[in-house]
């Protein structure tokens with residue numbers, strides 16, 4: 258009986274010492290792994306805010322538009338937007354001035370209905386005397402509230418200010434508009450605004466976007482407006498694109514369709530040269546190409562484009578895009594529209610094939626991802642994005658590349674994330690605006706005496722870790738000596754019993 262008790266004690270001591278020593282060896286997650294998990298949780302739990310299933314266009318029809326948009330480029334831009342946004346959405350078009358007019362009730366954005374949608378856009382006038390922005394926003398809100406989803410996106414374009422005939426009426430209308438914004442935001446509706454020219458109430462339109470989580474960017478001239486609608490399309494749909502470099506772009510085997518937006522200077526024509534050397538233009542192209550030409554831009558859709566290097570004659574370097582339909586996609590979780598001076602933003606990017614993140618190191622070793630930042634100072638920055646495993650040194654790669662960007666200027670930012678491999682190139686365009694940190698968001702530093710009743714925060718102290726190691730070493734050695742002594746005692750008792758039996 259005594260021997261059994263001693264053996265049980267030995268086993269308990271062995272188990273205890275193993276657990277005690279093992280506790281200190283548990284790996285702590287690195288900051289990068291924690292951040293990666295937080296991003297995954299954010300993506301999986303994010304509510305469908307600003308759902309792109311329902312979109313309302315609010316178009317200014319005040320008389321001042323005859324001066325600011327004499328060639329009706331806003332109509333051409335709206336048609337471009339409805340062509341780009343896809344058939345999985347519903348579109349409503351309202352014009353506003355003295356009153357709000359429904360030019361198109363919420364309708365499917367199908368190709369078969371494109372003539373009816375374009376006809377509604379053509380009805381936008383420039384004849385109204387006043388600008389009832391608040392009524393337009395209210396009507397757009399009512400339309401989206403009645404949908405099955407109860408949410409959606411409003412796109413508001415105006416060249417003016419609230420003008421109702423008197424300062425008192427203008428003030429009341431502005432107050433009514435600002436009171437609506439929290440309710441609109443609560444419904445998950447984002448408002449994207451396009452202040453058209455410097456004469457518009459830029460501050461008000463920025464506030465409308467900021468308070469609802471939307472995006473705002475100034476169209477300085479009528480020739481800018483189509484690219485602002487394209488930017489909103491990019492915000493809503495996050496399409497895949499490929500970079501244009503040296504008047505050319507590269508089509509790889511993963512690309513099934515390409516849509517080109519080529520901005521033109523007056524009296525210029527666009528010509529494409531295929532990888533095989535064939536020249537094509539608006540009047541001469543294959544059956545797999547749809548070519549829509551305007552005075553301001555060309556929209557060219559190429560189905561099953563020829564693989565290789567394409568050339569395009571560009572009359573301007575700004576406002577050109579190549580969107581692609583592909584199963585090799587460049588993605589990012591960055592979705593901010595408004596940031597503040599002094600913020601250090603974390604940019605991330607990864608490649609997906611057929612919906613799965615590429616994590617194989619033999620593939621990633623041949624890929625580089627960079628971020629090209631253009632800020633209000635017009636000073637371009639090129640940042641190398643680093644694979645997560647190289648940052649942490651120990652964590653198995655999640656296939657995500659990361660970089661940091663410090664916000665130093667007030668104004669508009671454009672960041673192009675470019676991924677390049679031996680056989681492909683992909684581009685993701687991020688646009689956002691920076692402002693000074695408002696006083697209500699500044700967190701004052703509180704210097705309070707520590708509460709003795711609260712548990713103190715642990716600090717990594719090398720001396721404490723060394724002392725801890727010595728204690729563990731001492732306990733482990735003491736346990737071994739104790740076990741050895743007990744084993745010796747058991748053997749001695751067994752030997753003594755054996756002699757008595759003899």
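Residue numbers (this note's numbering): 258 to 759.
All C-beta atoms in this analysis are idealised placements derived from N, C-alpha and C, irrespective of residue type, glycine included.
Practice task
Tell me whether the beta-carbon of residue 507 lies closer than 9 Å to the beta-carbon of residue 567.
Solution key: yes
Problem - Same chain, Cβ closer than 8 Å to residue 364, neighbours up to 5 away in sequence not counted - result: Around residue 364: 347, 348, 349, 370, 373, 374.
Problem - Completely contained beta strand (DSSP E) runs for the region 416-492, where each covers 3 or more residues - result: 447-452
Handout entry: Buried versus exposed call for residue 710 [16 or more other C-beta atoms within 10 Å across all chains shown]
Key = Confidence in residue 710 is poor, its pLDDT being 44 and thus under 50, which makes the residue's placement too unreliable to answer from.
Practice task
Determine the closest residue to residue 352 out of 541, 379, 315, with distance taken between C-alpha atoms.
Solution key: 315
Practice task
Compare the C-alpha of residue 416 against each of 466, 392, 322 and name the closest.
Solution key: 322
Handout entry: C-alpha distance - residue 462 paired with residue 476, whole-angstrom precision
Key = 12 Å
Exercise for the section: Excluding the 5 residues preceding and the 5 following residue 444 in the sequence, name in chain order all residues of the same chain whose CB lies nearer than 7 Å to its CB. Expected result: 402, 407, 408
Practice task
Inspect the beta-carbon positions of residue 412 and residue 451 and report whether they are closer than 9 Å.
Solution key: yes
Exercise for the section: For the alpha helix (DSSP H) holding residue 340, just list the boundary residues, first then last. Expected result: 330-341
Exercise for the section: Just the C-alpha distance for residue 502 and residue 355, rounded to the nearest angstrom, thanks. Expected result: 47 Å
Practice task
Determine, using beta carbons only, whether residue 599 and residue 663 come nearer to each other than 9 Å.
Solution key: yes
Exercise for the section: Name the residue from 570, 533, 527, 561 whose alpha carbon lies nearest to the alpha carbon of residue 549. Expected result: The residue with the shortest Cα to Cα distance from residue 549 is 527.
Exercise for the section: Would you kindly check if the distance between the Cβ of residue 448 and the Cβ of residue 509 is under 9 Å? Expected result: With a cutoff of 9 Å on beta-carbon distance, residue 509 and residue 448 are scored as not near each other.
Practice task
Whole angstroms is fine: what's the gap from residue 459's alpha carbon to residue 435's?
Solution key: 15 Å
Handout entry: For residue 365, the first and last residue of its enclosing beta strand (DSSP E)
Key = 357-365
Practice task
Have a look at residue 241 and residue 366 and give me their C-alpha separation to the nearest angstrom.
Solution key: Any answer about residue 241 is impossible in this case: the structure gives the chain only from 258 up to 759.
Problem - Contact check, residue 606 vs residue 682, beta carbons under 9 Å - result: no
Exercise for the section: Would you mind giving the Cβ-Cβ distance between residue 521 and residue 553, rounded to the nearest angstrom? I have them listed as a contact below 8 Å. Expected result: 7 Å
Handout entry: Contact check, residue 670 vs residue 620, beta carbons under 9 Å
Key = Not in contact: residue 670 and residue 620 (Cβ atoms no closer than 9 Å).
Handout entry: Between the CA atoms of residue 376 and residue 643 - distance to the nearest angstrom
Key = 49 Å
Handout entry: Which of helix, strand or coil DSSP assigns to residue 324
Key = helix
Exercise for the section: Return the chain-ordered list of same chain residues with a C-beta closer than 7 Å to the C-beta of residue 689, the five sequence neighbours on each side being excluded. Expected result: 593, 594, 595, 596, 670
Practice task
Tell me whether residue 620 sits in a helix, a strand or coil according to DSSP, three-state version.
Solution key: The answer is helix: DSSP assigns residue 620 an H, G or I state.
Practice task
Kindly identify the DSSP beta-bridge partner or partners of residue 629.
Solution key: According to DSSP, residue 629 bridges with 639, 673.
Problem - Cut-off 8 Å between Cβ atoms - residues of its own chain near residue 280, not counting five sequence neighbours on either side - result: Confidence at residue 280 is low in this model, with a pLDDT of 46, below 50, so the placement of that residue should be treated as unreliable; the coordinate-derived value is given next. Contacts found: none.
Handout entry: DSSP three-state assignment for residue 396, whether helix, strand or coil
Key = The answer is helix: DSSP assigns residue 396 an H, G or I state.
Exercise for the section: With a threshold of 16 other CB atoms inside 10 Å of the CB of residue 641, please say whether the residue is buried or exposed. Expected result: exposed
Practice task
Check each candidate in 419, 558, 668 and name the one with the smallest Cα separation from residue 529.
Solution key: 558
Exercise for the section: On a CA-only basis, which of 465, 479, 673, 379 is nearest residue 395? Give me that one, please. Expected result: Measuring from the Cα of residue 395, the nearest candidate turns out to be 465.
Exercise for the section: Leaving out five residues on either side along the sequence, give the residues of the same chain with a beta carbon under 7 Å from the beta carbon of residue 583. Expected result: 497, 511, 512, 513
Handout entry: residue 387 classed as buried or exposed, judged by whether at least 16 other C-beta atoms fall within 10 angstroms
Key = buried
Handout entry: Bridge-paired residues (DSSP) for residue 660
Key = 604
Handout entry: Simplified DSSP state of residue 646, which is helix, strand or coil
Key = Residue state, collapsed to three classes: helix.
Exercise for the section: Would you kindly work out how many angstroms separate the C-alpha atoms of residue 341 and residue 609, rounded to a whole number? Expected result: Cα to Cα, residue 341 sits roughly 23 Å from residue 609.
Handout entry: Reduced DSSP secondary structure (H/G/I, E/B, other) of residue 571
Key = Note: residue 571 maps to coil in three-state DSSP.
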